[in-house]
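Q: Chains as they are written, first to last, in numbering that gives the first Met the number 0: chain S, 0 to 388; chain H, 0 to 388; chain W, 0 to 388; chain C, 0 to 388.
Number of protein chains: 4
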Amino acid sequence: MQRKMRMGMVGGGKGAFIGNVHRMAAVLDGRIELVCGAFSSDPAKSREAGRDLYLLPETRCYGSYAEMFAAENQLPLDERMDFVCIVTPNHLHAPVALAALDAGFPVICDKPMTLTADEARTLRAAVKRTGLPFCLTHNYTGYPMVKAARELVRSGRLGAIRRVVVEYPQGWLATRIEAGGQKQASWRTDPKRSGASCCMGDIGTHCENLAEYVTGLKIKELCSDLTTFVSGRELEDDGNVLLRFDNGARGVLFASQIAVGEENPLRLRVYGETGSLDWRQEEPNSLVLLWPDRPREILRTGGAGTGDVVKYNSRLPAGHPEGFIEAFANLYRNFATVLAARLDGTAPEPLAVDFPTVDDGVRGMCFIEAVVASSKAGGKWTPVDGLVV
Amino acid sequence: MQRKMRMGMVGGGKGAFIGNVHRMAAVLDGRIELVCGAFSSDPAKSREAGRDLYLLPETRCYGSYAEMFAAENQLPLDERMDFVCIVTPNHLHAPVALAALDAGFPVICDKPMTLTADEARTLRAAVKRTGLPFCLTHNYTGYPMVKAARELVRSGRLGAIRRVVVEYPQGWLATRIEAGGQKQASWRTDPKRSGASCCMGDIGTHCENLAEYVTGLKIKELCSDLTTFVSGRELEDDGNVLLRFDNGARGVLFASQIAVGEENPLRLRVYGETGSLDWRQEEPNSLVLLWPDRPREILRTGGAGTGDVVKYNSRLPAGHPEGFIEAFANLYRNFATVLAARLDGTAPEPLAVDFPTVDDGVRGMCFIEAVVASSKAGGKWTPVDGLVV
Amino acid sequence: MQRKMRMGMVGGGKGAFIGNVHRMAAVLDGRIELVCGAFSSDPAKSREAGRDLYLLPETRCYGSYAEMFAAENQLPLDERMDFVCIVTPNHLHAPVALAALDAGFPVICDKPMTLTADEARTLRAAVKRTGLPFCLTHNYTGYPMVKAARELVRSGRLGAIRRVVVEYPQGWLATRIEAGGQKQASWRTDPKRSGASCCMGDIGTHCENLAEYVTGLKIKELCSDLTTFVSGRELEDDGNVLLRFDNGARGVLFASQIAVGEENPLRLRVYGETGSLDWRQEEPNSLVLLWPDRPREILRTGGAGTGDVVKYNSRLPAGHPEGFIEAFANLYRNFATVLAARLDGTAPEPLAVDFPTVDDGVRGMCFIEAVVASSKAGGKWTPVDGLVV
Amino acid sequence: MQRKMRMGMVGGGKGAFIGNVHRMAAVLDGRIELVCGAFSSDPAKSREAGRDLYLLPETRCYGSYAEMFAAENQLPLDERMDFVCIVTPNHLHAPVALAALDAGFPVICDKPMTLTADEARTLRAAVKRTGLPFCLTHNYTGYPMVKAARELVRSGRLGAIRRVVVEYPQGWLATRIEAGGQKQASWRTDPKRSGASCCMGDIGTHCENLAEYVTGLKIKELCSDLTTFVSGRELEDDGNVLLRFDNGARGVLFASQIAVGEENPLRLRVYGETGSLDWRQEEPNSLVLLWPDRPREILRTGGAGTGDVVKYNSRLPAGHPEGFIEAFANLYRNFATVLAARLDGTAPEPLAVDFPTVDDGVRGMCFIEAVVASSKAGGKWTPVDGLVV
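(1) With 9 Å set as the bound, which would you pick, yes or no: does the beta-carbon of W/V388 sit closer than that to a beta-carbon of chain H?
(2) Per DSSP, C/C399 forms a beta bridge with which residues?
(3) Answer yes or no: does any C-beta atom of chain W fall closer than 9 Å to that of H/S373?
(4) With distances taken from CA atoms, which of S/P349, S/G170, S/T336 and S/L151 is nearest S/W278?
(5) State yes or no: is the beta carbon of W/K379 nearer than 9 Å to at least one beta carbon in chain C?
(6) Identify the contact partners of H/Y212 in chain W, using a Cβ-Cβ distance below 8 Å as the criterion.
(7) Would you tell me roughly how many angstroms separate the C-alpha atoms of S/R153 and S/T214, rounded to the nearest one?
(8) If the cut is a Cβ gap below 8 Å, which residues of chain W does C/D237 touch?
(9) How would you list, in chain order, the residues of chain C whose beta-carbon sits under 8 Å from the beta-carbon of H/W290?
(10) Under three-state DSSP, which class holds C/M6?
(11) Answer with buried or exposed for W/P56, where buried requires no fewer than 16 other C-beta atoms within 10 angstroms of its C-beta.
(12) Would you please verify whether the beta carbon of H/Y331 is less than 9 Å from any beta carbon of chain W?
(13) Given a cut-off of 9 Å on the beta-carbon distance, is the pair S/A335 and S/E348 in contact?
(14) Could you give the DSSP three-state label for H/R123: helix, strand or coil?
(15) Taking 8 Å as the threshold, find out whether the stretch 133-140 of chain W comes into contact with the stretch 92-108 of chain W through three or more Cβ pairs.
(16) Please state if the CB of C/N312 and the CB of C/P143 are separated by a distance shorter than 9 Å.
(17) What does C/P294 reach in chain H if we use C-beta pairs closer than 8 Å?
(18) Check each residue of the stretch 217-238 of chain H: if its Cβ is closer than 7 Å to any Cβ of chain S, include it; give the result in chain order.
(19) Taking the C-alpha atoms as reference points, what is the distance between H/E261 and H/H137?
(20) For the 8 Å Cβ check, are there 3 or more pairs between the stretch 37-45 of chain W and the stretch 6-25 of chain W?
(21) Can you tell me whether C/Y167 is helix, strand or coil according to DSSP?
(22) Using 8 Å as the cut-off, can you tell me whether the stretch 299-310 of chain W makes contact with the stretch 302-321 of chain S, which would need three or more C-beta pairs spanning the two stretches below that distance?
(23) Using the Cα positions of H/R30 and H/R332, report the straight-line distance between them to the nearest angstrom.
(24) Does DSSP put S/D277 in a helix, in a strand, or in coil?
(25) Going residue by residue through the stretch 192-218 of chain W, where are the continuous alpha helix (DSSP H) segments of at least 4 residues, counting only ones entirely within it?
(26) At what residues does the beta strand (DSSP E) containing S/E282 begin and finish?
(27) Verify the CB distance criterion: does C/N284 have a CB-CB separation below 9 Å to chain S?
(28) Could you pull out every residue in the same chain whose Cβ sits closer than 6 Å to the Cβ of S/R156, ignoring the five residues on either side in sequence?
(29) Looking at C-alpha atoms only, which residue of H/S255, H/G18, H/G62 and H/N329 is the closest neighbour of H/L265?
(30) Look up W/Y64 in the DSSP assignment and say whether it is helix, strand or coil.
(31) Please determine, among C/G62, C/A25, C/D28 and C/L33, the residue with the shortest C-alpha to C-alpha distance to C/D41.
(32) Buried or exposed for C/V388, going by 16 or more other Cβ atoms inside 10 Å?
(33) Which value, in whole angstroms, describes the spacing of the CA atoms of S/L286 and C/H21?
(34) Verify whether the separation of the beta carbon atoms of W/I160 and W/V269 is less than 9 Å.
(35) Per DSSP, which residues does W/L135 bridge with? Please list them.
(36) How long is the line joining the alpha carbons of S/A148 and S/L276, rounded to whole angstroms?
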């Protein structure tokens, strides 16, 4: 990838933690630069954020995404932004993404993809119609050892998968911090901006996506129990889910935002007929392999016994910890590589064609709706629609 | 406790792993000696086991438990066994225990207590009627750090408990080893000898007991999904369960015998409103405490910050690992201490009045029946009866 | 081993932590019973300890070791103790052991073996002269995974050993607790009872013994820096040592008693030309193997990939933690097995001929003297004499 | 810091791993851009690297550093590079840095700083003379938890420091890979390009710098044993060092490049009179605190109980792993912040005045020379000169 891709950002103003994460992930490899943004719906705040946070010239700081798409399309091709990154609260994902696609801009969008599954299907239709690349930032699948895990399952070394445990306990919403105006908490606990779910939408979908990405299986049906522990809160802050996969495997998925003291220990365990694996996000550079008849092994980022996929998605020798930003950057790098090839009219590096798509977004929204419906129905086994054909 | 207690064993013949575990746990503290046994229903095998495994004189190796109870009752009081230890497959627990109680012998019995909840209630009635001490070897509650966990919950430092995760994945039954005659597998997978459940009876009950012991809560209702992965097997070898506790707390319990490569990683996590704890059986001498507003802490067996209960249940300075046998020995030591006090007509050391009882056994059987019933009913929320009043 | 061996103890009175450890280790496997003792040089205290701690009849609680040896020799062979266990402070090891050997009793003795290397050589001569079995309780070599480590080195899979790191930081003597009369601290910091070294004698020798046991190499010369950090203390409480082995390997050994907060994390790392190993006493059931060209592996007590030696020295399935007492018990079991075979006139089980001997004791004392001498000489490279031929 | 700083690079051509690391670290925060470079002494290769690796225009890819300094000084101030980053092999550090300073450019330079201590002193004189900022990339001190460790020592909570253990075992030079032309190995094992030491220069200095940074102490004298295990190699690939600090503390430092299977587990343990700490580079977001009288604690990047310094040097919420690049980026961010303030004529943010300087470089070279001299003298205690006044 010899060209530098220009990115415009929607959202990511002051106090929005995730905007800077996207920026760091985007620029890490020196192949993407942030050239413009609509950082706030308030034009003055947008300019201020553009100047202070991103050192952008005022002319490229727009008062709205509509203005940005229009103005950028007036710029010469070698200045114009090449794609849009959407880092707003959930309720804006769909309208912004649809507008971007309509304006001809490829999209990289935060998750969950939309407010509802219907909206997700509409967006999927727009992506198919325009033929523009679309990436959903289920960033945890960017970790080298997650990719190693997927490779391992694909290789057949674990045999048929029988059992999956995926968990994501956090503690940051254990009290009603949204009442104090904490920005991240405020919109996530607000159904108008967050959708039908708080905990499952924010982190449960990461579990769902991670499990399906690594195993290659689909969750066929689920049975859930969602709870709101913090009084005064409208959406659930905790949930436990039983899973059945399309190949007959069973599993457990649980996520919580009231697990006091937990930081971000997303963990995936996959048990097959002939081997198992265990990956933990807080120590992301190790992948533990368990075997029935020989010692367990620890695969390491950059270490012996990993292949091309890991190498392609890591930047340092073994033992030099690669973290959250680097994993996130893999999504950006892969997306930008595919985009650049498209602009160049060449075939992309095959290893780059590996990032979550609009189909993952539809899956995620169907998962959220199923998990909410099952719980409301008192733990009824509920199918997860949206299987992609 | 100045007197040495004499123990007779039922079961524990050659090939029965758990008999020797009970023996080691019993003798570790020098307060109990094994004096007799009915190690097999075949008198010759019983004598052989008594001689070879336990170095007992032939006169104290009996051909049946009935014979043993009768013969021992003929011996002078200062030779006669003081209590019976039952380490047979599940289906014999109740008949042997009832006979022992009828013959006037206190009982220490392996778990699950009986074949059915009804049988468990019958046994409970016998214990109440005879007034004899009864201990059920839910041995994991013997670990010092499990006791520290219970103390912590009791102290209120974690606040009201909101969430419990208890898990027990094993891999040893991932293939049909019972077909090859593996003794442990054979009876556990046989409903006649094991009861209505394999995985939940063998290890799921440990989860249930551990969670209730530490939290002081009761599982009020549950929703389960049990699976038999290994074809040709009659009982389930894997199960996932959603939990609701009597105080409104929610939880997940899962156990598996087909989790390839897993050894014995029983783990309990308890999340309260103001703090959380995490304990893992494979590294049993650490207890991790998580707080909302200060660094996590690691309590250690024998280490600073633990109190009298931990001290009473450990034998070595910090950093000298105490393991499975030592935890098991705490049950024996506590039971024998209570027994000795009873014989001496004194009050037992209060810290010794801490071992699982016949009530725990009834709870366990009710749990098993509920978990089987819920799964059969397609994941219906099912109450766990047998709440002890 | 079908006979039960009878043990007499010297030392181990009230307040002496290690006496009870030896007792537990001795009786764990049901092949040894404690029948008598001289628990204190004060006859009344000896009887009291015998009665209260060990539930022994007064007739077998002696006022002195001399009295015990004489009296036991008067008993019929099938009552008399079979061997002596010595758990006194260091300065008594040699006189008691010599007297025991002279009286015809095999000896199992705590470490370090004597006060001086000369004394050690005298004891070695007595052992050779009498032909009686002698075991020194360097108990850490009793762990199954330590034995697995030795097997691994022997197998050649690590290639020639190049580098050894062995460490043992403790924190319990970080302040002058001996001034308050703490019994363990009092004699260890007293040169008259402890010898020329405190830290190196108490725990440095464990490092030396462990490294030589696992690698099969001998420390040829060393360069040390010993320090007394706590003022008012006569002996060193901290030391760092550079090592050169007889095959050219290099290493580091360090031990400390002032490493605040450390419990008992003895650790050994061995690096060979083609592989490496890492073992930690506080998580003793794992042995990490490192390879140049494939993932690291974790060998586990009772787990896949271990052989007969591990099996012979463990008692439980994988994942059921075996700890300090079980490792200690392996020394007793092996020693008693050899002893029983000797009495029976048979060849012992070859796997039992695996416990530290009087030769290890001589090595240990030579190590202590070298490490003290090197430090006094300002870090002069000093040979470790006492290489056993 | 509202201005964007422009960086020129010397070294970092194709195959030079560290060039890209510096680039990623520099650009991560969006405050530095790479604008030019002399990536190779071969002009064609320099242009090729500039184009392919860094997407630079040909006009800013120079054939030599001299050419670059001259040409950049002709550019208008608002285009000209603001500082130079030096990522060549060691022997070029001094000449390039001196030329850069002479040309008026601040310098950020890889470690070890020079080939000899004399050269280091010359460079220090030039820095003092020109008054230009100079940063040495001892990157491990950029980790948030390393800074937390330093804060902890400074706070006095650990009491007077008594003991330090710092270690850095690697395995990548366990065989003679330089014979096969591996670029990193080739120059590091070549005294002409690497200096008097391989292992101690490359990673031993990281140990020295880390220990002194965290403790605030200086190594006063040392006693070492260096070894070349791989035959045909001129410089040492392994070394063990005894340390004495200026306050009387003792320590051990060891580093190895032949520790087969080890990746990059730099680790620092500091023991004080009233508390201790333990930090490991491979799990850099945890800092373990050990106390004499209460449970050990785990401080976490972004977690509770850390202060402003940690916050200033981290970018993500707790549990989102920050790795090697982020730590490295802290040096760049701090250096650039100081530089920008200098250009703006303002006082820099005090927390930014925290990066290794030319004085650290002098210390490092004195350490290397002392450690080589001590070993050559057979383990003589050797003072480390170059104490900065």
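All residues carry an ideal CB built from backbone N, CA and C; glycine is no exception.
A: This is what the structure holds:
(1) Because the pLDDT at W/V388 is just 42, under 50, the model does not fix this residue reliably, and the value given afterwards should be weighed accordingly. No, its Cβ sits nowhere closer than 9 Å to a Cβ of chain H.
(2) Since the first residue shown for chain C is 0 and the last is 388, residue 399 of chain C is missing from the structure and cannot be characterised.
(3) no
(4) S/L151
(5) yes
(6) Correct list: empty, because the minimum Cβ distance to chain W is about 19 Å.
(7) 8 Å
(8) R161, R162 and R249
(9) A303
(10) strand
(11) exposed
(12) no
(13) no
(14) helix
(15) yes
(16) yes
(17) L288, E296, I297, L298, R299, G302, A303 and G304
(18) C222, D224, T226, F228 and D237
(19) 20 Å
(20) yes
(21) strand
(22) no
(23) 7 Å
(24) strand
(25) 204-214
(26) First-last for S/E282: undefined, no H or E at that position.
(27) yes
(28) G274
(29) H/S255
(30) helix
(31) C/G62
(32) For C/V388, the predicted model reports a pLDDT of 42, less than 50, meaning its position is unreliable; a value from the coordinates is still stated below. Classification of C/V388: exposed, given that the 10 Å Cβ count is below 16.
(33) 28 Å
(34) yes
(35) W/C108
(36) 7 Å
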